[in-house]
DNA sequence: CGCTAACTGGAGAAGCCATCTCCGGAAAGC
DNA sequence: GCTTTCCGGAGATGGCTTCTCCAGTTAGCG
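Residue numbers (our numbering), protein chains in the order written: chain A, 34 to 248; chain B, 34 to 248.
Structure representation (structure tokens):
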């Protein structure tokens, strides 16, 4: 892509850039976009100055990391169209995407409107296109309630956010319970059993507090 | 409560205190606990100094406002125990509480672990006690799925948070759709129709962005 | 009606935090 | 070996919130 380079890129420079991108991936995934570029630099084992030489600002490096992640989701959305059973396809897509989001806080923030807005604006149309088709098929097959709409998927992912945060505290899989609950709400009738037990009452506070204002 | 006052409280002082509490109620409801005490003072039409003379800090005035709101919720939880139909009781409680939260962002933040932690720690045990009874009855009557637990209510309210924010953008009632979806997920089978149409696809971005980072 | 204790208001001090710049020193690679 | 490019991290900068201080005002008693 970058043609006419006056000098070939210095090896240490390229290595540091790669380290920064790796570090950004990890740090954004773990702490979300609240993380500072200084944090990323430290995590990459380079100085702040180096970070700012390679990327004009935090958005720039975030965009690079996000492009990969949102691309993967869009790909998932297309892939599941291959699945015969429309309900299974829908569930598969939701579970894959939720799994990605559970592991990547920055990604969750992007899809639900915090964080990089450009990237968010780009990802939804691509997803909604595939999901609409899925919903039409599922509705036609009677696999989902007739009043459900493709846009509801966006709301479902947004609502899973708090579930992810609760999961971080104690039960890494807790969100699966609530995804199942939401998906069962989309069903025309009769649900299977919920996966993952609910958090114990004694730990409710700890679970609700997960990741918010220390203590 | 305050006995031995050396002097009777000056009328203007009492009036300003009342104004501050009113203003706090409104400002916290609208903007959440991110609002500053200065904001509240301005909204009350008094100076910052006055605010700080009446309350040592933001927590203090927040505690006063919250006590009312959480008390009302605990009361609701007890009240609905009177309703014969256990499912109806559960739905009624959820709708009342959600309505309160939709109108009061500070309240929502408290119940889900942002904001005042003392108040949060106080409210849940009271609610869970009533709700547990409700769930037991509903389960016994076959009105909810057997694997549902009372703690799931906390998760449901947490998950409604994003729904409230989406609602603020365009359709004030949108959250009702998603509360219905969640409650239907608790049902053993067959749902009624969802209230409120989903947000139009063209407005998805606007809806998701609601209330986050201007633009 | 006048006096004084008590209250008011808002400018600004103090602290915090993230973003981004600068430049002496290091080392890559012809 | 020498020049050119890059490194690192201290700290300048700016924004934001919390809370203080005090000159000026006012309530309400005597």
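Using N, Cα and C, we set each Cβ at its ideal position, and we do this for glycine too.
Chain B contact for residue i (CB, 9 Å cutoff)
i: residue 167 (chain A); result: no
i: residue 135 (chain A); result: no
i: residue 184 (chain A); result: yes
i: residue 262 (chain A); result: Nothing can be reported for residue 262 (chain A), as the shown portion of chain A is limited to 34 through 248.
i: residue 103 (chain A); result: no
i: residue 145 (chain A); result: yes
i: residue 232 (chain A); result: yes
i: residue 46 (chain A); result: no
Test item: CB-CB of residue i and residue j under 9 Å
i: residue 171 (chain B); j: residue 133 (chain B); result: no
i: residue 191 (chain B); j: residue 145 (chain B); result: yes
i: residue 127 (chain A); j: residue 214 (chain A); result: no
i: residue 135 (chain A); j: residue 205 (chain A); result: yes
i: residue 156 (chain B); j: residue 94 (chain B); result: no
i: residue 114 (chain B); j: residue 193 (chain B); result: no
i: residue 152 (chain B); j: residue 100 (chain B); result: yes
i: residue 143 (chain A); j: residue 66 (chain A); result: yes
i: residue 160 (chain B); j: residue 222 (chain B); result: no
i: residue 118 (chain A); j: residue 173 (chain A); result: no
i: residue 231 (chain B); j: residue 203 (chain B); result: no
i: residue 250 (chain A); j: residue 220 (chain A); result: A question about residue 250 (chain A) goes unanswered here, because the residues of chain A that appear run from 34 up to 248.
i: residue 83 (chain A); j: residue 96 (chain A); result: no
Below-9 Å beta-carbon distance, residue i vs any chain A residue
i: residue 89 (chain B); result: no
i: residue 188 (chain B); result: yes
Any non-hydrogen atom of the ligand ADP within 8 Å of residue i CB
i: residue 85 (chain A); result: For the structure depicted, the ligand ADP is absent and the ligand set is empty, with no information on it obtainable.
Please confirm if the region 116–134 of chain A is in contact with the region 171–190 of chain A, defined as three or more CB-CB distances below 8 Å between the two stretches.
yes
Relative to chain B, which residues along the region 195–226 of chain A have a C-beta separation below 9 Å, given in chain order?
195, 196, 198, 199, 207, 210, 211, 213, 214, 215, 216, 217, 218, 219, 220, 221, 222, 223, 224 and 226
Examine the Cβ distances between the region 135–155 of chain B and the region 61–78 of chain B and report whether three or more of them are shorter than 8 Å.
yes
The region 79–90 of chain B contacting the region 44–57 of chain B, beta-carbon criterion three pairs below 8 Å:
yes
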